[in-house]
Amino acid sequence: MIRVLLVEDHELYRIGLGMVLEKAEGISLVAEASDGLTGIKLAREHTPDVILMDIGLPNMDGIEATARIKEILPETKILILTSRNSEQDILGAFAAGADGYVMKGATPEQTLTAIRAVYDGVGWIDPAIAKIVFSNLGKTTSSQSSQTDVLSDRTKNSYGLTERELDVLELMVDGLSNPQIAEKLVITRATAKAHVHSILQKLCTASRTQATVKAMKEGLV
1 MIRVLLVEDH
11 ELYRIGLGMV
21 LEKAEGISLV
31 AEASDGLTGI
41 KLAREHTPDV
51 ILMDIGLPNM
61 DGIEATARIK
71 EILPETKILI
81 LTSRNSEQDI
91 LGAFAAGADG
101 YVMKGATPEQ
111 TLTAIRAVYD
121 GVGWIDPAIA
131 KIVFSNLGKT
141 TSSQSSQTDV
151 LSDRTKNSYG
161 LTERELDVLE
171 LMVDGLSNPQ
181 IAEKLVITRA
191 TAKAHVHSIL
201 QKLCTASRTQ
211 ATVKAMKEGL
221 V
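Residue numbers (my numbering): 1 to 221.
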């Protein structure tokens, strides 16, 4: 059973999503909060498996609340659920330790899939968000392209990623799970898992999502 804490200030949306969570198989809604400070308090009390966190919260925004919760409960997964899609909010949330980012326009089924994904340790990035991140990576002029390629190569070398790890990282960015990566590269699941673990260590990231965002931001793939 995946124990979920919902932190959302919009009452009607919170009630509606709460009903979805209560009816979902394998998911238990343990508590609800309408602001960031209460979210932190309830996270301490209930130690949930997954926290659904809005960004635009009163008293303390969701990004700051995410950072504070991760300090005290590093194993708890935090899935940002928001209508905000600015680069600042996206990168800020992942920098704070968020394990996934889903837009409020997602269907209930997509939201439940995202919850289960982050619970299983698979980073979740809303397709709309991924496009925004990729578009920001491509904002270089033609005169800078050769320099960017050189810097990208240097970055790859500085992290010590092998060619196979770069292949795995590219598939992680595409959203593939370990079993899917294993099938795609014709390797065992254990080998795929080992590659992912090595990538997280070399990139100094705590989750697949953070590694994915770092890879896109720094042009590793």
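The C-beta atom is built at its ideal place from N, Cα and C for all residues, glycine as well.
Output needed for residue i: all residues of its chain with C-beta closer than 8 Å, excluding positions within five of it in sequence on either side, in chain order.
{"i": "residue 61", "result": "36, 55"}
{"i": "residue 96", "result": "63, 64, 66, 67, 70"}
Would residue i and residue j be called neighbours here (beta carbons separated by less than 9 Å)?
{"i": "residue 51", "j": "residue 7", "result": "yes"}
{"i": "residue 2", "j": "residue 27", "result": "yes"}
{"i": "residue 98", "j": "residue 76", "result": "no"}
{"i": "residue 115", "j": "residue 101", "result": "no"}
{"i": "residue 43", "j": "residue 5", "result": "yes"}
{"i": "residue 205", "j": "residue 173", "result": "no"}
{"i": "residue 176", "j": "residue 220", "result": "no"}
{"i": "residue 197", "j": "residue 187", "result": "no"}
{"i": "residue 200", "j": "residue 215", "result": "no"}
{"i": "residue 57", "j": "residue 9", "result": "yes"}
Helix or strand or just coil, what does DSSP make of residue i?
{"i": "residue 23", "result": "helix"}
{"i": "residue 219", "result": "coil"}
{"i": "residue 77", "result": "strand"}
{"i": "residue 172", "result": "helix"}
{"i": "residue 82", "result": "strand"}
{"i": "residue 18", "result": "helix"}
{"i": "residue 213", "result": "helix"}
{"i": "residue 105", "result": "coil"}
{"i": "residue 100", "result": "strand"}
{"i": "residue 95", "result": "helix"}
{"i": "residue 66", "result": "helix"}
{"i": "residue 227", "result": "No answer is possible for residue 227: it lies beyond the span of the chain, which begins at 1 and ends at 221."}
Looking at the strands, I want to know which residues DSSP matches up with residue i.
{"i": "residue 4", "result": "29, 50"}
{"i": "residue 122", "result": "For residue 122, which the question treats as bridged, DSSP gives no partner whatsoever."}
Measuring CA to CA, which of the options is closest to residue i?
{"i": "residue 217", "options": "92, 18, 43", "result": "92"}
{"i": "residue 104", "options": "82, 32, 121, 165", "result": "82"}
{"i": "residue 17", "options": "49, 111, 45", "result": "111"}
{"i": "residue 171", "options": "185, 120, 39", "result": "185"}
{"i": "residue 48", "options": "200, 23, 78, 129", "result": "78"}
{"i": "residue 193", "options": "210, 168, 209", "result": "168"}
{"i": "residue 24", "options": "80, 113, 84, 210", "result": "113"}
{"i": "residue 86", "options": "128, 29, 14", "result": "128"}
Which same chain residues, not among the five before or five after residue i, have their C-beta less than 7 Å away from its C-beta?
{"i": "residue 20", "result": "108"}
{"i": "residue 189", "result": "178, 179, 182"}
{"i": "residue 165", "result": "195, 198, 199"}
{"i": "residue 22", "result": "29"}
Can you find the residues in the same chain that come closer than 6 Å, C-beta to C-beta, to residue i, ignoring five residues on each side of it along the sequence?
{"i": "residue 31", "result": "5, 42, 46"}
{"i": "residue 117", "result": "124"}
{"i": "residue 33", "result": "7, 39, 42"}
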